[in-house]
Each structure stands twice: as structure tokens, then as C-alpha cells.
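Chemist: Sending over a structure as C-alpha cells; questions will come in a sec.
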Amino acid sequence: IAVCGVSGSGKTSLAFDTLYAEGQRRYLETLSPSARQYLNQLPKPDADQITRIPPAIALRQNTSQRHFSSRGLESTAGIESGIQHYLRLLFSASGQIFCPNCEIPIAPQTPETVLAFIKSLPTEIRYQICYPITLGEQSLSEIIQELKQQGLNRIILNHEEYQLSDDAAAVLAQADARDEEILVVLDRLTTRSIDEQRILESLEFAFSESSGQAILLVMEPLENQATGIPFSIGQQQILRFDFSADLSCPQCPLEFAQPEPQLFNFYSPGGACSHCGGAGTVPTTTGTNTIEICSHCHGSRLNPSALAVRVNGHNIDQLGQLPVQQIPDWLEQFSKGLSESEAQPLTPVIREIRDRLSLMIELGLGYLTLNRTRSTLSSGEIQRTSLTSLLSSNLVNTLYVLDEPSSGLHPADCHRVISVLQKLRQLNNTLLIVEHDAAFIRAAEHIIELGPEAGKAGGEVIFAGPLEALKTSEISPTGRFLNSTETAPLKTEPGQPASDWITLTNATRNNLQSITVRFPLRQLCVVTGISGSGKSSLLEQTLFPLLAAQLSATRSSQIDAGSVSLSGADQIDEVILLDHSLTGQNPRSIPATYLNLFDEIRSIFAQTPDAWLRNLSPGHFSFNSKSGGRCPVCKGTGKIEIDLQFLADLTMDCQECHGKRYQRELLDIKYRKLNIAEVLELTVDEAFPFFRGQSALQKKLKQLKDVGLGYLPLGQPLPTLSGGEC
Numbered sequence: 171i172a173v174c175g176v177s178g179s180g181k182t183s184l185a186f187d188t189l190y191a192e193g194q195r196r197y198l199e200t201l202s203p204s205a206r207q208y209l210n211q212l213p214k215p216d217a218d219q220i221t222r223i224p225p226a227i228a229l230r231q232n233t234s235q236r237h238f239s240s241r242g243l244e245s246t247a248g249i250e251s252g253i254q255h256y257l258r259l260l261f262s263a264s265g266q267i268f269c270p271n272c273e274i275p276i277a278p279q280t281p282e283t284v285l286a287f288i289k290s291l292p293t294e295i296r297y298q299i300c301y302p303i304t305l306g307e308q309s310l311s312e313i314i315q316e317l318k319q320q321g322l323n324r325i326i327l328n329h330e331e332y333q334l335s336d337d338a339a340a341v342l343a344q345a346d347a348r349d350e351e352i353l354v355v356l357d358r359l360t361t362r363s364i365d366e367q368r369i370l371e372s373l374e375f376a377f378s379e380s381s382g383q384a385i386l387l388v389m390e391p392l393e394n395q396a397t398g399i400p401f402s403i404g405q406q407q408i409l410r411f412d413f414s415a416d417l418s419c420p421q422c423p424l425e426f427a428q429p430e431p432q433l434f435n436f437y438s439p440g441g442a443c444s445h446c447g448g449a450g451t452v453p454t455t456t457g458t459n460t461i462e463i464c465s466h467c468h469g470s471r472l473n474p475s476a477l478a479v480r481v482n483g484h485n486i487d488q489l490g491q492l493p494v495q496q497i498p499d500w501l502e503q504f505s506k507g508l509s510e511s512e513a514q515p516l517t518p519v520i521r522e523i524r525d526r527l528s529l530m531i532e533l534g535l536g537y538l539t540l541n542r543t544r545s546t547l548s549s550g551e552i553q554r555t556s557l558t559s560l561l562s563s564n565l566v567n568t569l570y571v572l573d574e575p576s577s578g579l580h581p582a583d584c585h586r587v588i589s590v591l592q593k594l595r596q597l598n599n600t601l602l603i604v605e606h607d608a609a610f611i612r613a614a615e616h617i618i619e620l621g622p623e624a625g626k627a628g629g630e631v632i633f634a635g636p637l638e639a640l641k642t643s644e645i646s647p648t649g650r651f652l653n654s655t656e657t658a659p660l661k662t663e664p665g666q667p668a669s670d671w672i673t674l675t676n677a678t679r680n681n682l683q684s685i686t687v688r689f690p691l692r693q694l695c696v697v698t699g700i701s702g703s704g705k706s707s708l709l710e711q712t713l714f715p716l717l718a719a720q721l722s723a724t725r726s727s728q729i730d731a732g733s734v735s736l737s738g739a740d741q742i743d744e745v746i747l748l749d750h751s752l753t754g755q756n757p758r759s760i761p762a763t764y765l766n767l768f769d770e771i772r773s774i775f776a777q778t779p780d781a782w783l784r785n786l787s788p789g790h791f792s793f794n795s796k797s798g799g800r801c802p803v804c805k806g807t808g809k810i811e812i813d814l815q816f817l818a819d820l821t822m823d824c825q826e827c828h829g830k831r832y833q834r835e836l837l838d839i840k841y842r843k844l845n846i847a848e849v850l851e852l853t854v855d856e857a858f859p860f861f862r863g864q865s866a867l868q869k870k871l872k873q874l875k876d877v878g879l880g881y882l883p884l885g886q887p888l889p890t891l892s893g894g895e896c
């Protein structure tokens, strides 16, 4: 179902504030009261009757907002698509730890694994089975006495071997070496004859007495055995092999954490790099507002224990640096190497990863890497990455509400999205799409057009039916455009040939391939291309930061310029970035405050005779200031929220100010017969003649009228605006 119409005609109000809100509300009502109290519930829509609505899921148009965790860490493509969650499960279940220094596999040791190592040694090799102890609170004489009682009479201290029955006095002479490690010798054997029962008993005793540690001293040199630690007893050079029930390297002192999902999560303190806190970058030491790659994790954002875990030759960071289109081959190779017993518990995880990867590739995102941060993605890439997570849920009989899925997409990419949405519909789901794009409207089975105008002149259903009926409708502007019987002519004026240019050389950010680009000054320059071709990387992440750094002595670029060079910046005075980011989502923010209209409006009211008599300043007319004239009950919101405990919160107009936001004293002050609350209820079209003579105000209002927002009330909360209005 496609919902179309001019911007401001009520599409978002119908799709999200009514249908999605009711679908979600009814689903949440099926949960227990104790569960509902932890969920944010949307207010009940103002409708007489809504029937047969299924549970609803929504994807709003917030593509360019950067998503951060509670610790301020930015999201990635892998997290947004949901793939990263399943990769954490895979690595925690099947990962093999490798020591980064010694490049040997690390696993908890048992008596059986040590026995297997002994059996792998050459014949005629003498060895000793030992375990380590330290003095602790006991004296050396007390330890010697305990060892004798256990039938043990040989130890190694300070690289000298002592027999406790004969050399007790010599051992006691070493009593000042309290911090030295003492090795208790349990057995002395050779590999000529392997008595497995005897060896296992000694190893089990060693593990139990030393909290999971056993030491093997090999008395002869070994060929092709480079894993031992050089050790000496007296003048004899031997090899020492440490075995631990913990995850520690036998050759170096590194210890590793047990793999679990949170270990591979840089949002978690247990997985994040301790130096950068999981950000992957740190401020430079130069004191400027610049950042550099963390030297400890090298930008991976994870701690050494997480990076030591590998699956099929890759750790999770290395896998995240591969293009998405290469990961299915890696996953297939890994799956083939699993036994039936190993594959069975991993099948659901592998299937989820494979399905989401396939969907990303189908949506044209195969070139992305899972480690790409959200801020480096274009709006079209973010839109499709979010769609991957939404559409991979495999839900049935569900209402999906999408806000302009074509936003930021090249026409070549739109058909990919339409194809995926049609597959979702085949699972008996209902798709409600707010759209302007002709391709999406043509692909819909049912079309609802709202209008005929925006604002108060809109909000009516002017057409509802299939595409063929829309094309023949006489009252549908959309139908006439689809029939090509009506066009929207653009006013074009021939410009002067460019004489001055800004030149960007060797741009390599993200997808850019060391390109050189010239931008003409004092002209309208359009950068186009398919989604992901590098448009945002070129303009938002390369050109704009470099220009801002050169034009401002106090603001420095937060990118590594590398070999990128910029010329021609001296010909401009200022640079402004207008991206897809939505306006503020604070309910106290309104168009008048966001566009700096309200400061002038408050000053106008403060200059009225009544305000002068009452000594009211512009600050008194602010509904955000505690010292102003805002309503003390609702604190300037015009609404009060009633906590109904286990039921959804009830929002209603404030009974003190009746939704006006202000105290009665402030509402008595009028300018041209309207108080300030009534002025905020004016639309832009109504406010323009009302503020005649106020040239600064009218200039800003005219800009809103010129972009088609004349219907917008000055006091409408910004969170209620549609994506197009924002």
C-alpha cells in the first residue's frame, strides 16, 4: 500500500501516528502489565474506529542521525543490520584462541591433553612432572613438613634441585626468597615406556594442588620443539612446558578471557579496548580538535582477548573489514569444516548470518564492510542497512510501516528495494509505504492519496484504489504525473561560465579511489551517482571538513587528511553543511525556536506598552525558561503526563493553561490583538502578513513559504513533523 500526496498533507500522521501507533498499542496490550511498564507506548490515536489491524513495525526517516550507545560509542553497519549480534554468538561458540605473540592455539589444559603431549615426544626423553607453589603466609619449614607428609621429597628452588630428606637445611637457607616460585617434583619418567595410569594420576594431583597448573620439565633438547621455555637446573639447560586449566599461553605470560558474546562487543566494558574505551580513536596529543587511530587496538575497538579469537583464520575485526560480498564464501568454508555434532547447535546462527548477508547483497550493499561506522555511510546506505535488520525478522501477518524507503537512493537502487519488499509481502505481511517515488507507487497494489493541499487544506483522502484507477482519476495530481499529462516545470536561468574553482586532489575517503575533482564557484553544482558511489564521502567527509579547517582558526578537521590537498578555499568566506539529519527531537523545540524566529517574536511582545508597564523582558515570554512566564504546572509544554502504573501513560492538555504553555499574566499581553500563544498557532502563511513591517522576521518566513512550508504552524512540536518537513 502506497500513501502519497503533497508534503504536509497528513501521510505521516495517518501511517505512523495512527495506524502504526494503534498496531503497536494493541500488540503491547497483549503483554503482561509488569512487562508493559518497561516499554515506551505511543498515545492512543484519535480515531473513532480502527479494525483488523495487525501488530506493527516501523522504519522512520531518521537515516542520517548518528546512533550512539549509552557510552557514546557510534554504531556500525554490522550492528545496524543485525549481523554483528550473530557473529558474536558464532565466535563465542566456535572461536579458537591464538596467542598473538607465539601464534599457538590456546585452550584449557587437562591431564588428558598433557598426556597426549607427552606421548608426542620422541623416545628416550627424560622428563619430570611438577607443580608450582609459593610460600604465601606459610614458612618454608611448614611447607617442607607438609610435602614430606604427602610423600614428596624433591623440589626445585632458585633453579636448584633439593631432596627434602637430605637437604632440608640447605633448603631452609633459601627462606629469604619468599617471592620465588617453588616447583614440587611429583614424578620422574622417560618416554621409553608410557605408563598412562601413573602419568594421569600425577597430572591430576598437580592440577588439584596448584589450582589448575602442571609443569613438564624435559631434560633433553628437542628437535622441532620450539614451544618450550628455556629453563635451567644447576648447570643443566632444559625445556619447561607450562599447562594450565585456565586460558593462558604456555610460552609467555599472556592470559585470555573465556569467549562469550559480550567479549566481542565494544559497547561492553568486558570487550572494549581499555585505552580508547571502544571508540577506536583517541584525541591527539597536539591539543587541537583532532583524533587519531588508537595505537592499542589499531581501530578495532576491541581488547586483546577478543582479537585473539579466530574462526576460520579470521578474528572478528578482520572479518568486519572484508566486503560483505566476500563473507558468504568465508561462512561456507567454515560450515564445511564442521562435524555433524558441531554444526547442529550453530545452524540457526549460521542461517541468520547467511540470510542477512544475502539481503544486504541483494540490496546492493555487497561492497560495504561491517565495520563501517554509521556516520561514514550515505543516507541511502543507512536506509538499506536498516531495512536489512527490519526485513530479516521473517515475521508473518505483520504491518510494516516504512517512511520513504526511496530516500537517498538512486533509481537503480530503488528497484532492488522494491524486489525485497515484494518478497516480504509474499509472507502474508502488509506493507504501508509513505512515498513520492513513481517506481514505488507503480509497484503498489493499493494507493491512498491525501490532499488536496498541505496543512489545514489537506488531510483528506482524495483517492484510494489500484494504480489503473489512479491514472484515470481526474482529481488526483499524482495520477496526472504518472500519466505524464502534467509536469512540474523548473525555473532555470542560464548561468555565467565558471571562472573560479575549488580543486580537491587525491581524495581517498571510504569508497573514493584517489580522485581529483573541481567544483565551480558561484554556480549550482550537482554531485550524482548510485548509492554508495562516494558522494557523501566526497562532500560531507572530505570537502566540508577540509574547507572548515582552512576557514576557521579554531575549528580543526577531524579526519586524517593524508595526501589529500585542497586549493581555491581562499576564494570563499564561509562553508555550511546541510545534510539529511533530522531537526531536534525535543518536544519543546518548535519551528519558531529552531529557525531563530522566536527571539524576535519575544522581543516584539516585550516592547508592547502592556509589557513595559509590567516590566516584562523577552525572557518572560519563553516557555523554556524557569524564570519566565511559562505555566508552572506543565512547565511550558502545554501537556501533562499521568502515570497509570501498569497502563500506558495518559497525555492530556494542561488544566491550568489549557494547552497554551503560559501563565495568564503573559496571555494578557497582546500584539495586534493576539497573545503570544495565539501567535504560535499561526501558520507561516498567516504569520507573514501579521508581522508586516518586521523585515527580519518576514525574510525568514518568506524562506519557509518558498520551500512549501507555508502551512506549518509556528508552534508545532518538531517531533511531530514528517521527514520531508524536517
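Numbering (my numbering), first residue to last: 171 to 896. Yeah, the Cβ is synthetic: ideal placement off N, Cα and C, and Gly gets one too. Note that this is a predicted model, so its numbers are computed, not measured.
#1: Should Ile760 be labelled buried (16 or more other beta-carbon atoms within 10 Å of its own) or exposed?
#2: Can you grab the Cα-Cα spacing for the pair Thr188 / Ile220, in whole Å?
#3: Under 7 Å Cβ to Cβ from Arg410, same chain only, skipping five residues before and after it: list those, please.
#4: Alpha carbon to alpha carbon, how far is Leu874 from Ser177? Give it in angstroms, no decimals.
#5: Please go through the region 512-539 and give each complete alpha helix (DSSP H) segment of 4 or more residues, from N-terminal end onward.
#6: In chain order, what residues of the same chain have a beta carbon less than 7 Å from the beta carbon of Thr724, not counting five sequence neighbours either side?
#7: Rounded to the nearest angstrom, what separates Ile227 and Ser183 at their Cα positions?
#8: Who does Ala247 pair with in a DSSP beta bridge?
#9: Do Pro636 and Glu615 come within 8 Å of each other at the CB atom, strictly closer than that value?
#10: Under the rule that 16 or more other beta-carbon atoms within 10 Å means buried, what is Leu535, buried or exposed?
#11: From Tyr197 to Thr600, what does the alpha carbon distance come to, in whole angstroms?
#12: Could you name each continuous alpha helix (DSSP H) segment of 4 residues or more that falls completely within the region 363-409, going from the start of the chain to the end?
#13: Over the uninterrupted alpha helix (DSSP H) stretch that includes Ile201, give me the two end residues.
#14: So, for His790: in the same chain, excluding its five sequence neighbours on each side, which residues have a beta-carbon less than 6 Å away from its beta-carbon?
#15: Output the distance between the C-alpha atoms of Gly440 and Ser556, rounded to the nearest integer angstrom.
#16: Assuming Ile588 contacts Ala609 under a Cβ cut-off of 8 Å, what Cβ separation, rounded to an integer in Å, is found between them?
#17: Return the CA-CA distance between Pro889 and Gln211, expressed in angstroms with no decimal places.
#18: Closest to Ile288 by CA distance: which of Arg368, Gly628, Leu721, Ala719 is it?
#19: Do Tyr332 and Met389 have their C-beta atoms closer together than 8 Å?
#20: Checking 8 Å against the spacing of the C-beta atoms, do Asp749 and Ile839 come in under that value?
#21: Which class does Arg650 belong to by DSSP, given the choice of helix, strand or coil?
#22: Can you name, in chain order, every residue of its own chain whose Cβ lies under 8 Å from the Cβ of Gly829, other than the five neighbours on each side?
#23: In its own chain, which residues sit with a C-beta less than 7 Å from the C-beta of Ile491, not counting the 5 before and 5 after it?
#24: Using 8 Å as the Cβ pair cut-off and three pairs as the minimum, do the region 411-425 and the region 443-458 touch?
#25: Can you tell me where the beta strand (DSSP E) with Ser735 in it begins and where it stops?
#26: Tell me the DSSP bridge mates of Tyr841?
#27: Name, in chain order, the residues that DSSP records as bridge partners for Gly570.
#28: If you check the beta carbons only, do Cys174 and Ile617 fall under 8 Å apart?
#29: For my contact list, Arg258 and Asn473 are in at a C-beta cut-off of 8 Å; report their separation, rounded to the angstrom.
#30: Just to confirm the assignment, what range does the alpha helix (DSSP H) spanning Tyr764 have?
#31: Does the Cβ-Cβ distance between Ala857 and Ile700 come in under 8 Å?
#32: Between the beta-carbon of Gln553 and the beta-carbon of Ser577, is there less than 8 Å?
#33: DSSP three-state label for Arg542, please.
#34: Check whether the region 349-367 touches the region 266-278, taking contact to mean three or more Cβ pairs, one atom from each stretch, closer than 8 Å.
#35: Given this structure, state the Cα-to-Cα distance separating Arg480 from Tyr437, to the nearest angstrom.
#36: Between Leu560 and Leu229, which are expected to be in contact by the criterion C-beta below 8 Å, what is the C-beta distance as a whole number of angstroms?
Modeler: The answer reads as follows:
#1: The residue given as residue 760 occupies position 590 in the sequence shown. Buried, by the Cβ-count rule.
#2: Position 18 of the sequence shown, counted from the start, is the residue given in the question as residue 188. Position 50 of the sequence shown, counted from the start, is the residue given in the question as residue 220. About 9 Å.
#3: Walking along the sequence shown from the start, residue 410 turns up at place 240. The answer, listed in chain order, is Ile385, Leu387, Gly398, Ile399, Phe401.
#4: Looking up residue 177 in the sequence shown gives position 7. Looking up residue 874 in the sequence shown gives position 704. The alpha-carbon atoms of Ser177 and Leu874 are separated by roughly 13 Å.
#5: none
#6: Walking along the sequence shown from the start, residue 724 turns up at place 554. Because Thr724 carries a pLDDT of 47, less than 50, the predicted location of this residue cannot be relied on, and no value is offered for it.
#7: Translated into positions along the sequence shown, residue 227 becomes position 57. Translated into positions along the sequence shown, residue 183 becomes position 13. Distance between the alpha carbons of Ile227 and Ser183 is about 16 Å.
#8: Sequence index remark: in the sequence shown, residue 247 carries index 77 (1-based). Per DSSP, none; premise fails for Ala247.
#9: Within the sequence shown, numbered from 1, the residue matching residue 615 stands at position 445. Within the sequence shown, numbered from 1, the residue matching residue 636 stands at position 466. Closer than 8 Å, so yes.
#10: The sequence position of residue 535 within the sequence shown is 365, counting from 1. Counting Cβ neighbours within 10 Å, Leu535 comes out buried, since at least 16 surround it.
#11: Within the sequence shown, the letter at position 27 stands for residue 197. Within the sequence shown, the letter at position 430 stands for residue 600. The straight-line gap from Cα to Cα measures roughly 16 Å.
#12: 366-379
#13: By one-based count along the sequence shown, residue 201 stands at place 31. It is worth fixing the name first, because residue 201 is Leu in this sequence and not Ile. Neither: Leu201 is in no alpha helix (DSSP H) and is coded neither H nor E.
#14: Working through the sequence shown from its first residue, we reach residue 790 at position 620. The residues are Gly798, Gly799.
#15: Position 270 of the sequence shown, counted from the start, is the residue given in the question as residue 440. Position 386 of the sequence shown, counted from the start, is the residue given in the question as residue 556. Going by the C-alpha atoms only, they are around 27 Å apart.
#16: Translated into the one-based positions of the sequence shown, residue 588 becomes position 418. Translated into the one-based positions of the sequence shown, residue 609 becomes position 439. About 6 Å; that satisfies the 8 Å criterion.
#17: Translated into the one-based positions of the sequence shown, residue 889 becomes position 719. Translated into the one-based positions of the sequence shown, residue 211 becomes position 41. Their backbone Cα atoms lie some 15 Å apart in a straight line.
#18: Taking the sequence shown and counting its residues from 1, the one referred to as residue 288 is at position 118. Nearest option by C-alpha distance: Arg368.
#19: As a position in the sequence shown, residue 332 is number 162, starting the count at 1. As a position in the sequence shown, residue 389 is number 219, starting the count at 1. Going by C-beta atoms, Tyr332 is not nearer than 8 Å to Met389.
#20: In the sequence shown, residue 749 corresponds to position 579, counting from 1. In the sequence shown, residue 839 corresponds to position 669, counting from 1. No.
#21: In the sequence shown, counting from the first residue as 1, residue 650 sits at position 480. It is helical.
#22: As a position in the sequence shown, residue 829 is number 659, starting the count at 1. Hits under 8 Å: Gly808, Lys809, Asp823.
#23: Position 321 of the sequence shown holds residue 491. Going by the sequence as given, residue 491 is Gln instead of Ile. Contacts found: Thr539, Asn541.
#24: no
#25: As a working note, residue 735 is residue 565 in the sequence shown. Residues 735-737.
#26: On the sequence shown, residue 841 is found 671 positions in, with the first residue counted as 1. Its beta-bridge partners are Leu844.
#27: Residue 570 sits at position 400 when you count from the first residue of the sequence shown. The amino acid occupying residue 570 in the given sequence is Tyr; Gly does not appear at that position. Answer by DSSP bridge pairing, in chain order: Ile227, Leu601.
#28: The residue you call residue 174 lines up with position 4 of the sequence shown. The residue you call residue 617 lines up with position 447 of the sequence shown. Yes, they are a contact pair.
#29: Within the sequence shown, numbered from 1, the residue matching residue 258 stands at position 88. Within the sequence shown, numbered from 1, the residue matching residue 473 stands at position 303. Actually they are not in contact, since the Cβ atoms of Arg258 and Asn473 sit about 14 Å apart, beyond 8 Å.
#30: Taking the sequence shown and counting its residues from 1, the one referred to as residue 764 is at position 594. Unbroken alpha helix (DSSP H) run through Tyr764: 761-764.
#31: Sequence index remark: in the sequence shown, residue 857 carries index 687 (1-based). Sequence index remark: in the sequence shown, residue 700 carries index 530 (1-based). In this structure, Ile700 does not lie closer than 8 Å to Ala857 by Cβ.
#32: Here residue 553 refers to the residue found at position 383 of the sequence shown. Here residue 577 refers to the residue found at position 407 of the sequence shown. Cβ distance < 8 Å, so Gln553 and Ser577 count as in contact.
#33: As a position in the sequence shown, residue 542 is number 372, starting the count at 1. Correct three-state label for Arg542: coil.
#34: no
#35: One-based indexing of the sequence shown puts residue 480 at position 310. One-based indexing of the sequence shown puts residue 437 at position 267. Approximately 20 Å, taken between the alpha carbons.
#36: Translated into the one-based positions of the sequence shown, residue 560 becomes position 390. Translated into the one-based positions of the sequence shown, residue 229 becomes position 59. With 8 Å as the limit, Leu560 and Leu229 qualify as a contact, their Cβ atoms being about 5 Å apart.
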